[in-house]
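Just so you know, the protein sequences line up as chains A and B, in that order.
Quick note: the first sequence uses this note's numbering, first residue 17, plus one each step.
Quick note: the second sequence uses this note's numbering, first residue 17, plus one each step.
Even for Gly, the Cβ is constructed at its ideal location relative to N, Cα and C.
Below is one structure, written out as structure tokens; comments come after it.
Protein chains: 2
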Amino acid sequence: MIKHSANNSASPAIQINVSRGPIVESRHLVNAVVSDASGAIVKSWGNIDKPVYLRSAIKLLQALPLLESGAAEAFDVSEKEISLACASHTGEDIHVTAVTSWLNRLGLSVDNLECGSHWPTYRPAERALASSGQSPNPAHNNCSGKHTGFLATALHLGDGLKGYIDLKHPVQKRLVKILEDFTEMDLSDAPVGIDGCSIPTLGIPLDRAALAIAKFADPDKLPKSRAEACKRIQAAIAKEPTMIAGSDRLCTALNGSADGAVIAKVGAEGVYLAALPEQGLGIALKAIDGTTRAAEVALGAILEDLDIMTESMHSKMDAFIHPNMENWNKIEVGTMSASLGG
Amino acid sequence: MIKHSANNSASPAIQINVSRGPIVESRHLVNAVVSDASGAIVKSWGNIDKPVYLRSAIKLLQALPLLESGAAEAFDVSEKEISLACASHTGEDIHVTAVTSWLNRLGLSVDNLECGSHWPTYRPAERALASSGQSPNPAHNNCSGKHTGFLATALHLGDGLKGYIDLKHPVQKRLVKILEDFTEMDLSDAPVGIDGCSIPTLGIPLDRAALAIAKFADPDKLPKSRAEACKRIQAAIAKEPTMIAGSDRLCTALNGSADGAVIAKVGAEGVYLAALPEQGLGIALKAIDGTTRAAEVALGAILEDLDIMTESMHSKMDAFIHPNMENWNKIEVGTMSASLGG
């Protein structure tokens, strides 16, 4: 379905310059593509054909079985919980409490989570946890909401819960099938890595990732129940942006200020996916060097290029997409900027 | 003094591959050069002519006035303190206690430090500090040892202490003069940025940085008191490697295992400088994208290429230079490797 226009291969990768004083101190390159739901490529930069692990950015689609299976309805899953099922959260109390309470409602506990434990990524939350004399449990893992969604779906469908992170488990098989549907690819030979939370992560070319997220953005040609699930996920994230990330995070700033015009999710190693429901477009990007700061500035530049940005979005997002870097004395020492070329 | 051999410009940058499963997930490029103390370039990769902020890597030379001025002798400065004067430390108790005690011995306090405060970079130390109900003070700043060295020198020489971070203050003027001596450059027009700890950072081409650090490694042609100061700094770092960085840091692993054959210092935004006293060589490198992981793997590859690595060094350093990346369940999910080309 991918329709390359002739000049795509000529577009260089997006260049992100990190400046300090009068010179560029560091430089990033970002591959990126904007596609519509038919696979027509609107714009692209750099290499978009090579497999990329979409990491947590693909959580937007990984939440679909929770809704499509009927589990969300059966377990009275809230919008907060749907947003949390798509989250790489910061491990703040609001996230940990919500995950724990959701697990309890399912008759489960943090012991059922197979994501592993780590300290909250938001450092004030880490310090608060340490100060209270506690250690992190799997609910603090940034992926715990997604895993709770997996468990809810498996419970509802009568899968065994144990080993739900394995590629051969029905939970993961359903996710691969969804990826195949959305990317219009046979993924049986796709590269498979293991993600931070131990589930498989599949290598998908960026153009196909953009197609997938464009179909999520513009789902009306999908089966009705799937289209409704896409729209419910979009609505939940727009309404509960704190649950998808947390304090000091672009995902929360963006999803909380775009009024539903952009639904976006970061992934580790410099990935971002963004759905533009009003335009029916999908954005997929990957910083070649895997840095989040580059992915964030590139996403902002693409949204500006597409004329999506509002004043409200700028006011929340500029700290990430037009960062003024401050040192420990709060002196502004540098800036970051994107060049889309052409 | 720099003598480029004809083929230098042809060497591509060092490529660092970050692999996960069967594919390369992210990729870094690192510019690097090995020089001797006459400026003869032994090896180089990528662009070595453009100005690079050496950031904290240049602390090896910034400690010289402490010794050359007589301040170290006058204030009975220990080897631990000399290593600390070159440090980007992790803010562990051992560092904070040493800085505070050194300041007290000078009749000063943390209020004299102009580096700003931040939480310890070693997260267990951060959590311990939070658990004890305390907040960080300027002694926790990773640069506090260097700043204490600046204060000791200024005090000894009768400079005013206030504003010692300003480019026009005698402390900073001395550092610029040292850089000019070691790089054999007129730096009056060099690009100047502001570092994280608020002192100026000057843009120096990598080839000149390697020359400077080679002269530090092989100081016998320098004035006698300077040569002795270089050797005392080398000895102090080799003897007190925990003070120059701390837990879970390559600088401590390397300086603590190389038995004086390598004296190395990391800088922010992917910089490393290393002195090889036995070979009389200096290494300067900079990850183009500014990532520390790339700089660390590249430094390891260069040390291997120069046949410097011993078993003892490997046992301490491999976690950084041949990292096996684990996820939250301690599953090995990826590796990093360097390609020097050629």
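Taking buried to mean at least 16 other C-beta atoms within 10 Å of its own C-beta, is Lys162(B) buried or exposed? Buried is the call here.
Start-end ranges of the alpha helix (DSSP H) lying completely within the stretch 247 to 295 of chain B, minimum 4 residues: Listed in chain order, they are 257 to 260, 266 to 273.
Who are the Cβ neighbours of Ile110(B) in its own chain at under 7 Å, not counting the five residues just before and after it? Cβ within range, chain order: Thr258.
DSSP three-state label for Lys162(A), please. Looking at Lys162(A) - three-state DSSP - the assignment turns out to be helix.
Any contact of the stretch 75 to 85 of chain B with the stretch 128 to 140 of chain B, i.e. 3+ C-beta pairs under 8 Å? By the criterion of at least three beta-carbon pairs nearer than 8 Å, the stretch 75 to 85 of chain B is not in contact with the stretch 128 to 140 of chain B.
For chain B, is any of its Cβ atoms less than 7 Å away from the one on Glu327(A)? Chain B contact via Cβ: absent.
Going by the CB atoms, is the gap between Leu289(A) and Ile229(A) shorter than 7 Å? Going by beta carbons, Ile229(A) and Leu289(A) fall inside the 7 Å limit.
Using 7 Å as the limit for Cβ to Cβ distance, is Gly212(B) near chain A? At least one chain A Cβ lies under 7 Å of Gly212(B).
Hey, does Asp65(A) have any beta-carbon neighbour from chain B nearer than 7 Å? For Asp65(A), the answer is no, since every Cβ of chain B falls outside 7 Å of its Cβ.
Taking contact to mean at least 3 C-beta pairs separated by less than 8 Å, is the stretch 304 to 316 of chain A in contact with the stretch 277 to 289 of chain A? The answer is yes - the stretch 277 to 289 of chain A touches the stretch 304 to 316 of chain A, with three or more Cβ pairs under 8 Å.
So, Ala48(B) versus Ile30(B), is the Cβ gap smaller than 7 Å? Using a Cβ distance threshold of 7 Å, Ala48(B) and Ile30(B) count as a contacting pair.
With a cut-off of 7 Å, does the C-beta of His134(A) fall near any C-beta of chain B? Closer than 7 Å to the CB of His134(A) there is at least one CB belonging to chain B.
Using beta carbons (cut-off 7 Å, strictly below), is Pro339(A) in contact with chain B? No, Pro339(A) lies away from the interface with chain B (no Cβ there is under 7 Å from its Cβ).
Let me confirm a value: Asp275(A) is counted as buried when at least 16 other C-beta atoms fall within 10 Å, else exposed. Which label applies? Asp275(A) comes out exposed.
Those residues which DSSP pairs with Val68(A) across a bridge: Ile220(A).
When the Cα atoms are used, what is the spatial distance from Ala311(A) to Ile74(A)? A direct Cα-Cα distance of roughly 15 Å separates Ala311(A) from Ile74(A).
Whole-Å CB distance - Ile337(A) paired with Leu322(A), under 8 Å assumed: With 8 Å as the limit, Ile337(A) and Leu322(A) do not qualify as a contact, their Cβ atoms being about 13 Å apart.
Min CB distance Leu39(B) to chain A below 7 Å: The sequence as given places Ile at residue 39(B); Leu does not occur at that position. Yes, Ile39(B) counts as interfacial toward chain A.
If you run the structure through DSSP and keep just helix, strand and coil, what is Thr169(A)? Three-state DSSP puts Thr169(A) in a helix.
So if I threshold CB-CB distances at 8 Å, which residues from the stretch 299 to 318 of chain A count as touching chain B? Listed in chain order, the positions of the stretch 299 to 318 of chain A with a beta carbon within less than 8 Å of a beta carbon of chain B are Ala303, Ile304, Asp305, Gly306, Thr307, Ala310.
Of the listed residues Lys332(A), Pro221(A), Ala354(A), Pro154(A), nearest to Leu124(A) (C-alpha basis): Nearest C-alpha to Leu124(A): Pro154(A).
Could you say which of Ile318(A), Lys59(A), Lys240(A), Ala269(A) lies nearest to Met329(A) if we only look at CA atoms? Scanning Ile318(A), Lys59(A), Lys240(A), Ala269(A) for the CA closest to the CA of Met329(A) turns up Ala269(A).
Taking the straight line between their C-alpha atoms, what separation do you get for Leu145(B) and Gly174(A)? Cα to Cα, Leu145(B) sits roughly 47 Å from Gly174(A).
For the alpha helix (DSSP H) that contains Gln188(B), what are its first and last residues? First-last of the alpha helix (DSSP H) with Gln188(B): 186 to 199.
Bridge partners of Asp52(A), per DSSP? Under DSSP, the beta-bridge partners assigned to Asp52(A) are Leu297(A).
Closer than 8 Å, Cβ to any Cβ of chain B: which residues of the stretch 27 to 38 of chain A, in chain order? So the list reads Val34, Arg36, Gly37, Pro38, given in the order they occur along the chain.
Rounded straight-line distance, which links the Cα of Gly107(B) to that of Cys213(B): Taking the straight line from one Cα to the other gives about 14 Å.
Does DSSP classify Trp118(A) as helix, strand or coil? When DSSP states are grouped into helix, strand and coil, Trp118(A) belongs to the helix group.
Would Pro38(B) be called buried (16 or more neighbouring beta carbons within 10 Å of its own) or exposed? Counting Cβ neighbours within 10 Å, Pro38(B) comes out exposed, since fewer than 16 surround it.
Which bits of chain A does Gly44(B) rub up against, with CB to CB less than 9 Å? According to the sequence displayed, residue 44(B) carries His and not Gly. Ordered by position in chain A, the residues that pass the 9 Å Cβ test against His44(B) are Ile304, Asp305, Gly306.
Quick one, which of Asp92(A), Asp127(A), Arg71(A) has its alpha-carbon nearest Ala103(A)'s? If you compare the alpha carbons of Asp92(A), Asp127(A), Arg71(A) with that of Ala103(A), the shortest gap goes to Arg71(A).
Is DSSP giving Ile318(A) helix, strand or coil here? If DSSP states are grouped into helix, strand and coil, Ile318(A) belongs with the helices.
Using a threshold of 7 Å, state whether the C-beta atoms of Ile318(B) and Ile299(B) are closer than that. Yes; because the gap between Cβ atoms is below 7 Å, this pair is in contact.
Under 7 Å, do Ala245(A) and Leu100(A) count as touching if we go by C-beta distance? In this structure, Ala245(A) sits away from Leu100(A), with a CB-CB distance that is not shorter than 7 Å.
May I have a chain-ordered list of the alpha helix (DSSP H) segments no shorter than 4 residues that lie completely inside the stretch 69 to 108 of chain A? For the stretch 69 to 108 of chain A, whole alpha helix (DSSP H) runs of length 4 or above, ordered along the chain, are 75 to 78, 80 to 84, 87 to 90, 95 to 101.
Since Tyr180(B) and Ala170(B) are thought to touch, with beta carbons under 8 Å apart, how far apart are those beta carbons, to the nearest angstrom? So it is a contact: roughly 5 Å between Cβ atoms.
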